[in-house]
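Inspection log for the structure reproduced underneath, given as structure tokens.
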Amino acid sequence: MVAATPELATSGYALEAGGRRKAGFATRTAPGSGAEELKKRFPTLQIRIYDAQTNAREEI
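Position one of the sequence shown corresponds to residue 220 (the numbering used here), numbered consecutively onward.
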């Protein structure tokens, strides 16, 4: 059995939690608010925001 690997977003931003992409967004502010809420609920969880244009990840 082969696991499906989600493709990285080609535009916009994506929220990654625990090394897995969870949702895509068009603007930078949308995943930021969701990431902050997740970090409050699960402080040890690794949460990042992926920027498709620069191909960079920002740790929250």
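The beta-carbon is built from N, C-alpha and C at its ideal position, and this holds for glycine as well.
Owing to the predicted nature of the structure, the values given are computational and were not obtained by experimental measurement.
How is the alpha helix (DSSP H) around residue 254 delimited, first residue to last?
-> The sequence position of residue 254 within the sequence shown is 35, counting from 1. Counting along the chain, the alpha helix (DSSP H) containing residue 254 begins and ends at 248 to 260.
Can you tell me which of the three DSSP states residue 268 falls into?
-> Working through the sequence shown from its first residue, we reach residue 268 at position 49. Residue 268 falls in the strand class under three-state DSSP.
Among all the DSSP beta bridges, which residues are the ones paired with residue 245?
-> Reading the sequence shown from its first residue, position 26 is the one you call residue 245. BP columns for residue 245 are empty, so no partner.
State the Cα-Cα distance for the pair residue 268 and residue 248, rounded to the nearest angstrom.
-> Against the sequence shown, residue 268 aligns to sequence position 49. Against the sequence shown, residue 248 aligns to sequence position 29. Going from the Cα of residue 268 to the Cα of residue 248 covers about 10 Å.
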